[in-house]
Amino acid sequence: METNRNFFITIALSVLILTLWQVFYMNPRVEQQREQARIEQQRVEATKKEAQGTNPGAAGTPAPAPGAIPTTPGGDAVTAASRDQAIAASKRVKIDTPSLEGSINLTGARLDDLKLKHYNETVDKNSPEIELLNPSSLPNGYFAEIGFVGNDATGKVPGADTVWSVDGNPTLTPSTPVTLSFTNDKGLTFKRTISIDNNYMFTVSDTVQNSGTAAVSLYNYGRVTRFDKPAVASTYVLHEGLIGVTGSEGLQEYKYAKIEKDKEYTPSKSTNGWLGITDKYWAVTLIPTEKQPFQPKFSYFEFKDGPHSHSYQSDYLSDAISVAPGQSTTVESEIFAGAKEVSTINAYEADRHIRQFSLMIDWGWFYFITKPMFWLIDTLYKFFGNFGLAILATTVIVKAIFFPLANKSYASMANMKKVQPKMVEIREKYADDKMKQQQAMMELYKTEKINPLAGCWPVALQIPVFFSLYKVLYITIEMRHAPFFGWIHDLAAPDPTSVFNLFGLLPFAAPAFLPHMGAWAVVMGITMFLQMRMNPAPPDPTQAAIFTWMPVIFTFMMGSFPAGLVIYWAWNNTLSILQQGVIMKRQGAKIELWDNLAALFRKKPSPAE
485 METNRNFFIT IALSVLILTL WQVFYMNPRV EQQREQARIE QQRVEATKKE
535 AQGTNPGAAG TPAPAPGAIP TTPGGDAVTA ASRDQAIAAS KRVKIDTPSL
585 EGSINLTGAR LDDLKLKHYN ETVDKNSPEI ELLNPSSLPN GYFAEIGFVG
635 NDATGKVPGA DTVWSVDGNP TLTPSTPVTL SFTNDKGLTF KRTISIDNNY
685 MFTVSDTVQN SGTAAVSLYN YGRVTRFDKP AVASTYVLHE GLIGVTGSEG
735 LQEYKYAKIE KDKEYTPSKS TNGWLGITDK YWAVTLIPTE KQPFQPKFSY
785 FEFKDGPHSH SYQSDYLSDA ISVAPGQSTT VESEIFAGAK EVSTINAYEA
835 DRHIRQFSLM IDWGWFYFIT KPMFWLIDTL YKFFGNFGLA ILATTVIVKA
885 IFFPLANKSY ASMANMKKVQ PKMVEIREKY ADDKMKQQQA MMELYKTEKI
935 NPLAGCWPVA LQIPVFFSLY KVLYITIEMR HAPFFGWIHD LAAPDPTSVF
985 NLFGLLPFAA PAFLPHMGAW AVVMGITMFL QMRMNPAPPD PTQAAIFTWM
1035 PVIFTFMMGS FPAGLVIYWA WNNTLSILQQ GVIMKRQGAK IELWDNLAAL
1085 FRKKPSPAE
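In the working numbering, the protein residues as written are 485 to 1093.
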């Protein structure tokens, strides 16, 4: 039947999209941005060559040499057997806030010990807290550092190996900032005040006092460096790696594999923005001062000796900062180190006027659907207190929004069923003339006011909602470890049960080589099967086989998807069955569900009969 053929085409396209979406989702946009960035960088380099011999700061001040920003770990070179030993190897300032705990390494004034109080490694509340930053002597070293690049006139300036002194309070809290100091042999005194809010933003205010007899110029730098990368391979669904919003290029994203290949990427100079390294749920970024233009850069380094073989780094170097004799100047920058909570990130963008800071969360191409979807689910969560219930309520609201269109679709399908005898008659009458058969069918559709494509809409409407919900479940930390009821303790993870051990009733774990298929995937498959059985069985054997096996295919395919997504699909199918049944009854069309189910158990006649 024409409606079934269109329905199956839609289903097949849905499967194809679901299979290939992760592979091709980000590539076109990213490659386009890379090409634009390369063109812009070529223009910038050409401009620099034309102006060669000039200075970005005051006249007569030598520009910093290439590699002026540290690339190696610096600081304590101790090889620690444990994280605690690495932390104990240097003097530190304690960090204690409602969201964070850790310490600042006084060697380099480096932020390299940070744990997230509200986030654990597993759903078990007693599991260890997430360790976001670690000392550089560890294999998983990961830190943020702000310092200066000087010259012969400035003498030694604060960098990776500088040992700072603590003035007064030794603990950093939201109400008690800490002040560090360092004085060199050229009469320069550096005062660094570090403050923090209740969430994840550090403010670093550096005051440089020149007690010498001559003016000096120096450069401010910042870097985020890590020596490993996430254990779980990144996907095309979201970006993990080096990231920033700077210069004319705007958003720039470099995956670990990409920067390993290219070694270095230098965007155009910028006067605002941010850059750093992002994971799925966490990020560490630098927000340079807007008072000085800065040069951002993303890099990958390989080392022949030392405790590490390679590192990934996002850094910036400001234009020259001049300090006259007897005068002082202050440079203020910020460091974000924490969880990518949507409300927190949005508040920082709005309150601190950080350029496109919300792009740290990878909403994707379809952000205009994904962001409203998250807002709706999050709003309902605040009402219900459970993200699973919020997803169910969201499904109802989405169904209500598309109710008029779905009504028309189901009504057209019901009318299609009523004219099936006429359609069979046309096929028999013009069995040998396909052209006349199609013309007669179209005339019938026109006379009866039937849209043959209407049956595709109920499934097609699910696709953008499905994608946006998948994205929300996959990228937002709010969904991480969000429980439902029963055995679902994490809506963002696959259903932990398995059909192969009878959902935990048998005393063994399901073999790893078998496809994952939990209880909710089975429920989803059953609801999909019932929804498809609302329609008459196709007369064509091939279509009938697809009609029978499609729910099974989807059940196996959806088994590895986040449980929240599977629950949504099962609930959506249930609502669709009820809606379609009511409309078909109202239109006077026969509901084929019970006949189709009975036919499965009815003895089929043998060929001899």
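We put the beta carbon where it would ideally sit given N, CA and C, even for glycine.
Practice problem: Return the Cβ separation of TYR865 and PHE871 in integer angstroms, given the expectation that the two are a contact with Cβ distance under 8 Å. | Solution: Indexing the sequence shown from 1 puts residue 865 at position 381. Indexing the sequence shown from 1 puts residue 871 at position 387. Here TYR865 really is in contact with PHE871; their C-beta atoms are around 5 Å apart, less than 8 Å.
Practice problem: Taking PRO999 and PHE1013 to be in contact with their CB atoms under 8 Å, please state how far apart those CB atoms are, rounded to whole angstroms. | Solution: The sequence position of residue 999 within the sequence shown is 515, counting from 1. The sequence position of residue 1013 within the sequence shown is 529, counting from 1. In fact, because the Cβ distance is near 18 Å, the residues do not count as touching under 8 Å.
Self-check item: Entirely enclosed alpha helix (DSSP H) segments - the region 667-694, minimum 4 residues
Solution: none
Quiz item: Near GLY757, which residues of its chain fall below 6 Å by C-beta distance, leaving aside the five closest residues on each side in sequence?
Solution: Position 273 of the sequence shown, counting from 1, holds the residue named residue 757. So the qualifying residues of the chain are VAL729, THR730 and ARG839.
Quiz item: In three-state DSSP terms, what is GLU725?
Solution: To locate residue 725, count along the sequence shown from 1; it is residue 241. The question names Glu, but residue 725 in the sequence shown is Gly. Three-state result, GLY725: strand.
Exercise. Compare the C-alpha of GLY639 against each of GLY671, THR657 and LEU656 and name the closest.
Key: In the sequence shown, residue 639 corresponds to position 155, counting from 1. Of the listed residues, the one whose Cα sits closest to GLY639 is GLY671.
Quiz item: What span of residues does the alpha helix (DSSP H) with GLY872 cover, start to end?
Solution: The residue you call residue 872 lines up with position 388 of the sequence shown. Looking at the DSSP string, the run of the alpha helix (DSSP H) that includes GLY872 is 871-885.
Quiz item: So, is GLU962 buried or exposed, given that buried needs 16 or more other C-beta atoms within 10 angstroms?
Solution: Counting from one through the sequence shown, the residue named residue 962 turns up at place 478. Buried.
Quiz prompt | Boundaries (first-last residue) of the alpha helix (DSSP H) holding THR556 | solution = Residue mapping note: residue 556 aligns to position 72 of the sequence shown, counting from 1. Note, THR556: premise wrong, no alpha helix (DSSP H); not H, not E.
Quiz item: According to the neighbour-count rule (16 or more other Cβ atoms, all chains shown, within 10 Å of its Cβ), is LEU986 buried or exposed?
Solution: Here the question's residue 986 lines up with position 502 in the sequence shown. The C-beta of LEU986 has fewer than 16 other C-beta atoms within 10 Å across all chains shown, which makes the residue exposed.
Quiz item: Along the chain, where does the beta strand (DSSP E) that runs through GLN1015 open and close?
Solution: Along the sequence shown, read from residue 1 onward, the residue named residue 1015 stands at position 531. Premise fails: GLN1015 lies in the alpha helix (DSSP H), 1003-1016, not in any beta strand (DSSP E).
Exercise. Could you check which residue in VAL633, MET1016, ALA874 and TYR958 has the C-alpha nearest to that of GLU724?
Key: Position 240 of the sequence shown, counted from the start, is the residue given in the question as residue 724. Just measuring C-alpha positions, the residue of VAL633, MET1016, ALA874 and TYR958 sitting nearest GLU724 is TYR958.
Exercise. Return the CA-CA distance between LYS918 and MET926, expressed in angstroms with no decimal places.
Key: Taking the sequence shown and counting its residues from 1, the one referred to as residue 918 is at position 434. Taking the sequence shown and counting its residues from 1, the one referred to as residue 926 is at position 442. Each residue's alpha carbon lies about 12 Å from the other.
Quiz prompt | Between the CA atoms of TYR1052 and HIS965 - distance to the nearest angstrom | solution = Position 481 of the sequence shown, counted from the start, is the residue given in the question as residue 965. Position 568 of the sequence shown, counted from the start, is the residue given in the question as residue 1052. Cα to Cα, the separation comes out at about 17 Å.
Practice problem: Taking ILE579 as part of the beta strand (DSSP E), name the residues at either end of that continuous run. | Solution: If you number the sequence shown from 1, residue 579 lands on position 95. Start and end: 576-580.
Exercise. Keeping to the same chain, check which residues put their C-beta closer than 7 Å to that of TYR603; ignore five residues upstream and five downstream.
Key: Within the sequence shown, the letter at position 119 stands for residue 603. For TYR603, where only same-chain residues beyond five positions count, the Cβ hits under 7 Å are GLU613, ILE614 and ALA823.
Practice problem: Can you grab the Cα-Cα spacing for the pair ARG576 / ALA552, in whole Å? | Solution: The residue you call residue 576 lines up with position 92 of the sequence shown. The residue you call residue 552 lines up with position 68 of the sequence shown. Straight-line Cα distance between these residues: approximately 26 Å.
Quiz item: Hey, VAL768 and VAL708 are a contact pair by Cβ (cut 8 Å); roughly how many whole angstroms apart?
Solution: Walking along the sequence shown from the start, residue 768 turns up at place 284. Walking along the sequence shown from the start, residue 708 turns up at place 224. Contact flag correct, Cβ pair sits at about 5 Å.
Quiz item: Checking contacts by CB at 7 Å: is ASN624 closer than that to chain B?
Solution: Looking for chain B here will not work: only one protein chain is present.
Quiz prompt | Own chain, CB closer than 7 Å to MET1042, minus 5 neighbours either side, in chain order | solution = Here the question's residue 1042 lines up with position 558 in the sequence shown. Hits under 7 Å: ALA1005, MET1008, VAL1050 and TRP1053.
Quiz item: By how many angstroms is the C-alpha of LYS745 removed from the C-alpha of ILE1067?
Solution: As a first step, residue 1067 is located in the sequence shown; it is residue number 583 there, counting from the start. As a first step, residue 745 is located in the sequence shown; it is residue number 261 there, counting from the start. Cα atoms of ILE1067 and LYS745: separation of roughly 58 Å, rounded to the nearest angstrom.
Quiz item: Which residues mark the beginning and the end of the beta strand (DSSP E) in which ASN704 is found?
Solution: By one-based count along the sequence shown, residue 704 stands at place 220. Residues 700-710.
Quiz prompt | Whether GLN776 touches LEU801 by CB criterion (7 Å) | solution = What you label residue 776 is simply residue 292 of the sequence shown in a count that begins at 1. What you label residue 801 is simply residue 317 of the sequence shown in a count that begins at 1. Contact: no.
Quiz item: Taking Cβ to Cβ, would you say ALA628 is nearer than 7 Å to PRO554?
Solution: As a working note, residue 628 is residue 144 in the sequence shown. As a working note, residue 554 is residue 70 in the sequence shown. No. Outside cutoff.
Exercise. Assign TRP1033 to buried or exposed, taking buried as 16 or more other Cβ atoms, counted over all protein chains shown, within 10 Å of its Cβ.
Key: Walking along the sequence shown from the start, residue 1033 turns up at place 549. So TRP1033 ends up on the exposed side.
Quiz item: Between THR1100 and GLY848, what straight-line distance do the alpha-carbon atoms span, to the nearest angstrom?
Solution: Since the first residue shown for the chain is 485 and the last is 1093, residue 1100 is missing from the structure and cannot be characterised.
Quiz prompt | Rounded C-alpha distance that separates VAL662 from ILE680 | solution = The count along the sequence shown starts at 1 and reaches residue 662 at position 178. The count along the sequence shown starts at 1 and reaches residue 680 at position 196. In a straight line, the C-alpha of VAL662 is about 10 Å away from that of ILE680.
Exercise. Determine the burial state of HIS792: buried for a count of at least 16 other Cβ atoms within 10 Å of its Cβ, exposed for fewer.
Key: Residue 792 sits at position 308 when you count from the first residue of the sequence shown. HIS792 is buried by the Cβ-count criterion.
Practice problem: Kindly give me the distance between the Cβ atoms of TYR705 and PHE820, rounded to whole angstroms, as I take these residues to be in contact under 8 Å. | Solution: By 1-based counting over the sequence shown, the position of residue 705 is 221. By 1-based counting over the sequence shown, the position of residue 820 is 336. Not a contact, Cβ separation roughly 17 Å.
Quiz item: Taking DSSP as the reference, what is the three-state secondary structure of ALA1094?
Solution: Outside the displayed range of the chain (485 to 1093) lies residue 1094, so it cannot be described from this structure.
Practice problem: To the nearest angstrom, report how far apart ILE523 and TYR740 are at their CA atoms. | Solution: Here residue 523 is taken as the residue at index 39 of the sequence shown, counted from 1. Here residue 740 is taken as the residue at index 256 of the sequence shown, counted from 1. Confidence at ILE523 is low in this model, with a pLDDT of 40, below 50, so its placement is unreliable and the value that follows should be read with caution. Rounded to the nearest angstrom, the two C-alpha atoms are 22 Å apart.
Quiz prompt | Rounded straight-line distance, which links the Cα of PHE782 to that of GLU519 | solution = Your numbering for residue 519 matches position 35 in the sequence shown. Your numbering for residue 782 matches position 298 in the sequence shown. With a pLDDT of only 43 at GLU519, under the threshold of 50, the placement of this residue in the model should not be trusted; the figure read from the coordinates follows. Approximately 16 Å between the Cα atoms of the pair.
Quiz item: Whose C-alpha, out of MET907, SER952 and ASP846, is nearest the C-alpha of GLU737?
Solution: Numbered from 1 along the sequence shown, position 253 holds the residue referred to as residue 737. That would be ASP846, whose Cα lies nearest to the Cα of GLU737.
Exercise. Ignore the nearest five residues each way along the sequence and tell me which others in ALA976's own chain have a CB closer than 6 Å to its CB.
Key: Here residue 976 is taken as the residue at index 492 of the sequence shown, counted from 1. The answer, listed in chain order, is LEU957, MET963, ARG964 and PRO1046.
Quiz item: When we look at the beta-carbon of ARG594 and count the other beta-carbons within 10 Å, is it buried (16 or more) or exposed?
Solution: Numbered from its first residue, the sequence shown carries residue 594 at position 110. So ARG594 counts as buried.
Quiz prompt | Between the CA atoms of SER798 and TYR784 - distance to the nearest angstrom | solution = As a first step, residue 784 is located in the sequence shown; it is residue number 300 there, counting from the start. As a first step, residue 798 is located in the sequence shown; it is residue number 314 there, counting from the start. Straight-line Cα distance between these residues: approximately 9 Å.
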